[in-house]
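With the sequence shown counted from 1, adding 376 to any position gets you the working numbering.
The structure under discussion appears below in the form of structure tokens.
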Amino acid sequence: MDRTRPLNLLLAGALALGGLAALSPAAQAADSELARNGGFEAGLDGWSCTGGSGTVVPSPVHGGTKALQATPAGSDNAKCSQTITVKPQSTYTLSGWVRGSYVYLGVTGTGTTDGYTWTQSAPDWQKLSTTFTTGANTTSVTVYTHGWYGTPAYQADDLSLFGPGGAPVEIPATPTGLAAGSPTSTSVPLTWPAVAGATSYKVYRGGTAVGTATGTSYTATGLTPNTAYSFQISAVNSAGESARSTAVSATTTSGGGGGGGELPARALVGYLHASFANGSGYTRMADVPDSWDVINLAFGEPTSVTSGDIRFKLCPVAECPNVESEADFKAAIKAKQAAGKKVLISIGGQNGQVQLATTAARDTFVSSVSKIIDDYGLDGLDIDFEGHSLSLQTGDTDFRSPTSPVIVNLIQAVKTLKAKYGAKFVLTMAPETFFVQLGYQYYGSGPWGGQDPRAGAYLPVIHALRDDLTLLHVQDYNSGSIMGLDNQYHSMGGADFHIAMTDMLLTGFPVAGNTERFFPGLRPDQVAIGLPASTQAGNGHTSPTEVNKALDCLTKKQNCGTYQTHGTWSSLRGLMTWSINWDRFNQWEFSRNFDAYNWS
Numbered sequence: 377m378d379r380t381r382p383l384n385l386l387l388a389g390a391l392a393l394g395g396l397a398a399l400s401p402a403a404q405a406a407d408s409e410l411a412r413n414g415g416f417e418a419g420l421d422g423w424s425c426t427g428g429s430g431t432v433v434p435s436p437v438h439g440g441t442k443a444l445q446a447t448p449a450g451s452d453n454a455k456c457s458q459t460i461t462v463k464p465q466s467t468y469t470l471s472g473w474v475r476g477s478y479v480y481l482g483v484t485g486t487g488t489t490d491g492y493t494w495t496q497s498a499p500d501w502q503k504l505s506t507t508f509t510t511g512a513n514t515t516s517v518t519v520y521t522h523g524w525y526g527t528p529a530y531q532a533d534d535l536s537l538f539g540p541g542g543a544p545v546e547i548p549a550t551p552t553g554l555a556a557g558s559p560t561s562t563s564v565p566l567t568w569p570a571v572a573g574a575t576s577y578k579v580y581r582g583g584t585a586v587g588t589a590t591g592t593s594y595t596a597t598g599l600t601p602n603t604a605y606s607f608q609i610s611a612v613n614s615a616g617e618s619a620r621s622t623a624v625s626a627t628t629t630s631g632g633g634g635g636g637g638e639l640p641a642r643a644l645v646g647y648l649h650a651s652f653a654n655g656s657g658y659t660r661m662a663d664v665p666d667s668w669d670v671i672n673l674a675f676g677e678p679t680s681v682t683s684g685d686i687r688f689k690l691c692p693v694a695e696c697p698n699v700e701s702e703a704d705f706k707a708a709i710k711a712k713q714a715a716g717k718k719v720l721i722s723i724g725g726q727n728g729q730v731q732l733a734t735t736a737a738r739d740t741f742v743s744s745v746s747k748i749i750d751d752y753g754l755d756g757l758d759i760d761f762e763g764h765s766l767s768l769q770t771g772d773t774d775f776r777s778p779t780s781p782v783i784v785n786l787i788q789a790v791k792t793l794k795a796k797y798g799a800k801f802v803l804t805m806a807p808e809t810f811f812v813q814l815g816y817q818y819y820g821s822g823p824w825g826g827q828d829p830r831a832g833a834y835l836p837v838i839h840a841l842r843d844d845l846t847l848l849h850v851q852d853y854n855s856g857s858i859m860g861l862d863n864q865y866h867s868m869g870g871a872d873f874h875i876a877m878t879d880m881l882l883t884g885f886p887v888a889g890n891t892e893r894f895f896p897g898l899r900p901d902q903v904a905i906g907l908p909a910s911t912q913a914g915n916g917h918t919s920p921t922e923v924n925k926a927l928d929c930l931t932k933k934q935n936c937g938t939y940q941t942h943g944t945w946s947s948l949r950g951l952m953t954w955s956i957n958w959d960r961f962n963q964w965e966f967s968r969n970f971d972a973y974n975w976s
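In structure tokens form, the structure reads like this:
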């Protein structure tokens, strides 16, 4: 949690450019057009785009009324492709019109030399064209267009493959072997063998199509705990869709949310500056209004970055003249708990960098945090690791199986604490968007290196602890612009940002654009929206009117603006703010608005 300033983080990337393909002889006059829906007038019919990166737009277009628009994200270059039947030992011309930077048009599977052509910059429509000759046994090729990593959206229109037609494409066979893996409380992983001739697969839940996969796996998310579900898949190519597979059933686990059941259905979470003072002034524990359901003591901090030895002391009298005594502070905590409130120790913050790089630091973390919890009679732990506390080592690319010691040791430490204190132990987390939602585009240093290794680094922690997690309240402030699931960038300060960022947590998303590594959504009762309480508390302050719009959209599907959510999350838990002190400084505007909001 930032005491005084916004977090400014930079991403680095690298571009590697290929050469132009050599041109072959032109197609013969008797040839015909083979590309299906090359003008995208029928939407994406016939085309498959990686990671859901492609959409059809009415403007800009080169011809007709529609064109393709695709947005690269993370390690996904927004490749849209179509497999087309051709004849062996025949010559074809591939062409199309594109707009954007680093746009490619190419072909694979020729049986000879696959070709492509590209443009570095096309501010307006530019034609790309290449020719190729098929091999002696080639009966189909795949034509494609794609952008480049980290670049904005590109457009393509009037794509054409001209040459002698081959035998008709047949609808793929019905998939077999569909299997369900180990469910969580809100998700079920599915896998199946590849089907010859399929370019994608449709996934059905209870007879309703819920998603598409280009590979042979899919994770169904946003499910209800302790509920049985039935799944089927079908195989798809340019000729159409197969019959659905035999259904497979799976039941989600009961979950539980790590003590969340003892929180009210709508909870207000706030940080109390207990160990330091700033411009907001010191607020005694006994003076915290009853509006606050969870009070996070800011902060427990390490004796050194790598020691794992966490200490907490009340603000010194010299810094906070009105600070209460230790005895009064502890008595006030007990009074809050008697009134049904939860009081947690928050570890980290802007100045409290914590790197559990060794098992010794992990064990020290467990013992020192336990001592704080026991000394003050607290209800649990809030993890507010910021800055350089969490990062991914090179080669640590799968959030489901992390290998970086600082992440593995943190997960183990928290699980140990959870086991020690039992089901009533409250666990919350307050990561910044850089460490969570940015993972939709970037994860760690990336497939070629050069990215910030902290990008998305909270995802393995959240995932490993999701069944122990009471609340996740990402800091929707002090943030740069972040891409949402609509592949558009969203900026702080208005309802749109909170809607898009929260929808990502509840819907789930492919990490770094990789559909094979899908981060499952959390339960709505595990999620609260994190905001600054006043303009002085942090960049990205959101007015009460905009806060209410965000709540309306997420819980009622009202006042949504341009971003369309992937569900109606009526059991969203509530709001978090930095901080109780700043809300007091601002005449309790934040908490009073929360109390007055109509959730029904």
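Note that CB positions come from ideal geometry on N, CA and C, so glycine has one too.
(Q) Using only the alpha-carbon positions, how far apart do threonine 486 and glycine 539 sit? (A) Each residue's alpha carbon lies about 13 angstroms from the other.
Q: Give the straight-line distance between the Cα atoms of tryptophan 494 and leucine 420, rounded to the nearest whole angstrom.
A: 22 angstroms
Q. Which residue spans inside the region 699–753 form an unbroken alpha helix (DSSP H) run of at least 4?
A. 702–714, 735–752
Q. When you compare only the Cα positions, how much space is there between valine 681 and lysine 794?
A. CA-CA distance, valine 681 to lysine 794, rounds to 23 angstroms.
Q. Along the chain, which unbroken stretches of the beta strand (DSSP E) at least 3 residues long are found entirely within the region 666–705?
A. 670–678
Q: Tell me whether the beta-carbon of valine 812 lies closer than 8 angstroms to the beta-carbon of valine 784.
A: no
Q: Let me know the secondary structure DSSP gives leucine 927 once reduced to three states.
A: helix
Q. So the beta strand (DSSP E) glutamate 892 belongs to, where does it begin and stop?
A. 890–896
Q. Can you tell which of Pro896, Ala871, Gly897 has its C-alpha closest to the C-alpha of threonine 921?
A. From the listed residues Pro896, Ala871, Gly897, the smallest Cα separation to threonine 921 is found for Ala871.
Q | Extent of the continuous alpha helix (DSSP H) to which tryptophan 958 belongs | A | Looking at the DSSP string, the run of the alpha helix (DSSP H) that includes tryptophan 958 is 956–961.
**Q.** Per-residue DSSP class, three states only, for asparagine 522
**A.** Going by the sequence as given, residue 522 is histidine instead of asparagine. Histidine 522 falls in the strand class under three-state DSSP.
Q: Report the residue from Ile875, Ala806, Gly856 whose alpha carbon sits nearest the alpha carbon of lysine 933.
A: Ile875
Q. So, are the CB atoms of serine 451 and asparagine 863 less than 8 angstroms apart?
A. no
Q.
On the DSSP letters alone, give me the boundaries of the alpha helix (DSSP H) that isoleucine 783 sits inside.
A. Per DSSP, isoleucine 783 belongs to the alpha helix (DSSP H) from 781–797.
(Q) Per the DSSP calculation, methionine 859 is bridged to which residue(s)? (A) Tyr865
Q. CB alanine 596 to CB valine 564, shorter than 8 angstroms?
A. yes
Q) Would leucine 399 be called buried (16 or more neighbouring beta carbons within 10 Å of its own) or exposed? A) Residue confidence is low: leucine 399 scores 32 on pLDDT, short of 50, so the model does not pin down where it sits. Its coordinate-derived value is still stated next. Around the beta carbon of leucine 399, fewer than 16 other beta carbons sit within 10 angstroms, so the residue counts as exposed.
Q) Does the distance from the CB of tryptophan 423 to the CB of cysteine 456 come in under 8 angstroms? A) yes
Q) Helix or strand or just coil, what does DSSP make of valine 645? A) strand
Q) Among residues of its own chain, excluding the 5 on either side of alanine 623, which ones have a beta-carbon nearer than 7 angstroms to its beta-carbon? A) Ser606, Phe607, Gln608
Q: Going by CA-CA distance only, name the one from Phe508, Gly616, Ser593, Val586 that's closest to alanine 549.
A: Gly616
(Q) I'd like the span of the alpha helix (DSSP H) that includes serine 967, first residue to last. (A) 965–972
Q. Hey, serine 855 and glycine 937 are a contact pair by Cβ (cut 8 angstroms); roughly how many whole angstroms apart?
A. Contact annotation, serine 855 with glycine 937: C-beta distance approximately 19 angstroms; criterion of less than 8 angstroms not satisfied.
(Q) Is tyrosine 797 close to the ligand ATP? I mean its beta-carbon at under 7 angstroms from any heavy atom of the ligand. (A) No copy of the ligand ATP appears in this structure; indeed no ligand is present at all.
Q | Neighbourhood of threonine 735 by C-beta, 8 angstroms cutoff - its chain only, sequence neighbours within 5 removed | A | Result list for threonine 735: Asn785, in chain order.
**Q.** Closest residue to valine 923 among Ser967, Thr944, Ala888 (Cα-Cα distance)
**A.** Ser967
**Q.** Euclidean distance between Cα positions of leucine 768 and methionine 805
**A.** 18 angstroms
Q. Buried or exposed: where does threonine 506 fall if 16 or more other Cβ atoms within 10 Å of its Cβ makes it buried?
A. buried
Q) Does the distance from the CB of leucine 848 to the CB of lysine 718 come in under 8 angstroms? A) no
(Q) For glycine 573, tell me which candidate among Pro692, Ala707, Gln458 has the shortest Cα-Cα distance. (A) Gln458
Q: May I ask you to list the residues that DSSP assigns as paired with asparagine 613?
A: Gly616
Q) When you compare only the Cα positions, how much space is there between glutamine 729 and glutamate 417? A) 53 angstroms
**Q.** Member of Thr809, Trp824, Arg830, Gly820 whose CA lies at the smallest distance from the CA of leucine 881
**A.** Thr809
Q: Out of Phe801, Thr944, Leu599, Ser910, point me to the one whose CA is closest to threonine 629's CA.
A: Leu599
Q) CA-CA distance, lysine 800 and cysteine 691? A) 28 angstroms
Q | For glycine 815 and glycine 832, believed in contact at Cβ under 8 angstroms, the rounded distance | A | Rounded to the nearest angstrom, the Cβ distance from glycine 832 to glycine 815 is 3 angstroms, consistent with a contact under 8 angstroms.
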